[in-house]
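Numbering-wise, the working numbering comes out as the position in the sequence shown, counting from 1, plus 3.
Scroll down for the structure; my scribbles are underneath it.
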Amino acid sequence: MAPKQDPKPKFQEGERVLCFHGPLLYEAKCVKVAIKDKQVKYFIHYSGWNKK
């Protein structure tokens with residue numbers, strides 16, 4: 004049996020995405036993509052957040 008390969012990310016760094024935060028959907032940007040423990044992990048920044 005062949006060894007399992009790491010999963011391929013669906014999104015790339017810099018790509019605009021839609022993300023749930025609770026029941027609501029927000030526009031966001033994928034800042035970083037990592038594969039850890041054979042799972043794809045995304046670090047995202049919600050658009051418009053952290054503005055004063």
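Think of the CB as a built atom: it goes at the ideal place given N, C-alpha and C, for glycine as much as any other residue.
Original post:
Mind checking Ala37: buried by the 16 CB within 10 Å criterion, or exposed?
Top reply: By the 10 Å Cβ count, Ala37 comes out exposed.
Original post:
Glu30 by DSSP, collapsed to three states: which one?
Top reply: In the structure shown, Glu30 falls within a strand segment according to DSSP collapsed to helix, strand and coil.
Original post:
Where does the unbroken beta strand (DSSP E) through Lys44 begin, and where does it stop?
Top reply: First-last of the beta strand (DSSP E) with Lys44: 42-49.
Original post:
Distance, Cα to Cα, Gly25 vs Lys7?
Top reply: About 33 Å.
**OP:** Could you spell out where the beta strand (DSSP E) holding Phe14 opens and where it closes?
**Re:** Going by DSSP, Phe14 is part of no beta strand (DSSP E) at all; its letter is neither H nor E.
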